[in-house]
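S.K.: Read left to right, the sequence shown gives residues 1 to 393 (full-length UniProt numbering).
I'd like to ask you about the structure that follows.
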Amino acid sequence: MSVYSVDTNGYYGQFGGAFIPEMLYPNVEELRGRYLEIIREPGFQQEFQQLLRDYVGRPTPLYFARRTSERFGTRIFLKREDLCHTGAHKVNNTIGQILLARRLGKKRIIAETGAGQHGVATATVCALMGMECIVFMGAKDIERQAPNVARMRMLGAHVEPALSGSQTLKDATNEAIRDWINHPVDTHYIIGSVVGPHPYPDMVARFQSVISEEIRKQLKETTGSELPTKVIACVGGGSNAAGTFYHFLDEPSVELIAVEAAGEGVHSGHSAATTQLGRDGILHGSRSLVMQTEDGQVLEAHSISAGLDYPGIGPLHAHLFATGRGRYLSATDEEAVTAAFDLARTEGIIPALESSHALAGLHQLDLSPNDTVVLCLSGRGDKDMQAYMNHMK
1 MSVYSVDTNG YYGQFGGAFI PEMLYPNVEE LRGRYLEIIR EPGFQQEFQQ LLRDYVGRPT
61 PLYFARRTSE RFGTRIFLKR EDLCHTGAHK VNNTIGQILL ARRLGKKRII AETGAGQHGV
121 ATATVCALMG MECIVFMGAK DIERQAPNVA RMRMLGAHVE PALSGSQTLK DATNEAIRDW
181 INHPVDTHYI IGSVVGPHPY PDMVARFQSV ISEEIRKQLK ETTGSELPTK VIACVGGGSN
241 AAGTFYHFLD EPSVELIAVE AAGEGVHSGH SAATTQLGRD GILHGSRSLV MQTEDGQVLE
301 AHSISAGLDY PGIGPLHAHL FATGRGRYLS ATDEEAVTAA FDLARTEGII PALESSHALA
361 GLHQLDLSPN DTVVLCLSGR GDKDMQAYMN HMK
């Protein structure tokens, strides 16, 4: 087994596990006991792959960004997850989890969302399968991601505001867990990132691994080699990065580069750069790196990007950081917005604010003409137009 895969107890090295209230134990234990058996069934795989192809629109293109490559003096490819149905990579995971929930006999779906992309993806698959859908979202995020809130409601989901704490993703996750505790029998919680108690980090990473599986095949067809020299993705909880890294974890020649949100600056007091500011702790059911006070109180994170505004990081990423297998950079709000405008005006692509952090990370790398760089463009920027317009004033 790879040293970067989850072990039988749900750990990546020292990180992971399932730290849950007693009332959640039956839900999590049912999932842990059955998820691998179900997702390995031929019938499950046939339905999952068919929906990824015909409904999501996979494989997504691997686009050679010519003008961006010329600017950085290297070869840069963009994995266009922004072209997935619903506009982001999140739907890969929600398709998988809704099929799993149906096989577990669940009738009701709950989810949390920050930028709204996971909420839209969850509302979409619930509409597709005719299942009740409740999405918890921080009140602050409801305000700054209004287009995605409208989309969720049009799809038939109920959007429940989280009014506690910083009113962002952390608090939405807290509210979703509370709901799950109160509805242990009929409800499945579709977690959108590689966080939460085992088996969620492993399960979400498996569903998102279609990204790196396709990259290998597409690079082979385009360049003759299926291995890039660098893969880059943004990281909050880390689902798109986990999927982008997954099939390269055991390829030491491939450098894995993640870019966190530095907000107004790593040490400004308004940041979400967890690997720089966090330490060992428990958050939302797993042991990982967490931004916290000396006495263990979770700190409020800050990012212009609602999807990266999270004070922790998935346990797989904590392990990659701790072992040195992954390189973790950070980009400020301003650097991310600037990178978004650069891409819009050189390639004609408006990226999500989350993806813009990965693009900003390009400026921190020593790139050579011999490099082959693949960057995951995790989502499209329609939802972020107000933030971009504010920047233009």
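A virtual CB, placed ideally from N, CA and C, is assigned to each residue, including glycine.
(1) How far does the beta strand (DSSP E) with E260 in it extend, from its first residue to its last?
(2) When the Cα atoms are used, what is the spatial distance from G138 to D179?
(3) Could you please give the first and the last residue of the uninterrupted beta strand (DSSP E) stretch that includes A111?
(4) To which residues does DSSP link Q292 through a beta bridge?
(5) Tell me, please, which residues DSSP counts as bridged to K230.
(6) Taking three-plus beta-carbon pairs below 8 Å as touching, is the region 203–216 in contact with the region 239–252?
(7) For F64, write down the residues that DSSP places opposite it in a beta bridge.
(8) For residue 396, count neighbouring C-beta atoms within 10 Å of its own C-beta (all shown protein chains included) and say buried if the count is 16 or more, exposed if not.
(9) Can you tell me where the alpha helix (DSSP H) holding M152 begins and where it ends?
(10) Check whether the Cβ atoms of L62 and Q218 sit closer than 7 Å, and answer yes or no.
(11) With a CB to CB cut of under 6 Å and the five nearest residues on each side skipped, what residues in its chain are close to L308?
(12) Shortest alpha-carbon distance to P311 belongs to which of Q276, Q117, L343 and D382?
(13) By the three-class DSSP mapping on this structure, what secondary structure does A18 have?
(14) What residue from M154, G381 and A146 has the CA that sits closest to P161's CA?
(15) Give me the Cα-Cα distance between E132 and V259, rounded to the nearest whole angstrom.
(16) Could you compute how far the alpha carbon of Y55 sits from the alpha carbon of G296?
(17) Take R287 as the anchor and find which of T187, R327, H198 and G238 has the nearest alpha-carbon.
(18) Just to confirm the assignment, what range does the alpha helix (DSSP H) spanning L31 have?
(19) Our contact map puts K170 next to V298 with C-beta atoms below 8 Å; I'd like the distance itself, whole angstroms only.
(20) Identify whether Y388 lies in helix, strand or coil by the three-state DSSP scheme.
(21) For N148, count neighbouring C-beta atoms within 10 Å of its own C-beta (all shown protein chains included) and say buried if the count is 16 or more, exposed if not.
M.R.: On the basis of the data shown:
(1) E255 to G263 is the span of the beta strand (DSSP E), which, as asked, contains E260.
(2) Taking the straight line from one Cα to the other gives about 15 Å.
(3) Taken as a continuous stretch (DSSP letters only), the beta strand (DSSP E) holding A111 covers R108 to T113.
(4) Note: Q292 sits in a beta bridge opposite V298.
(5) Note: K230 sits in a beta bridge opposite E255 and V373.
(6) As far as the Cβ criterion goes, the region 203–216 touches the region 239–252, which means the pair count is three or higher.
(7) Beta-bridge pairing links F64 to F77.
(8) Not covered by the structure: residue 396. The range shown for the chain is 1 to 393.
(9) Per DSSP, M152 belongs to the alpha helix (DSSP H) from A146 to M154.
(10) At the C-beta level, L62 and Q218 come within 7 Å of one another.
(11) Result list for L308: G236, A261, A272 and E354, in chain order.
(12) Nearest option by C-alpha distance: Q276.
(13) A18: coil per DSSP, three-state reduction.
(14) Among M154, G381 and A146, the Cα nearest to that of P161 is on A146.
(15) One C-alpha to the other measures close to 35 Å.
(16) One C-alpha to the other measures close to 44 Å.
(17) Minimum Cα distance to R287 is reached at H198.
(18) Going by DSSP, L31 is part of the alpha helix (DSSP H) stretching over Y25 to I39.
(19) Going by Cβ atoms, the distance from K170 to V298 rounds to 7 Å, so yes, they are a contact pair.
(20) In the structure shown, the three-state DSSP call for Y388 is helix.
(21) By the 10 Å Cβ count, N148 comes out buried.
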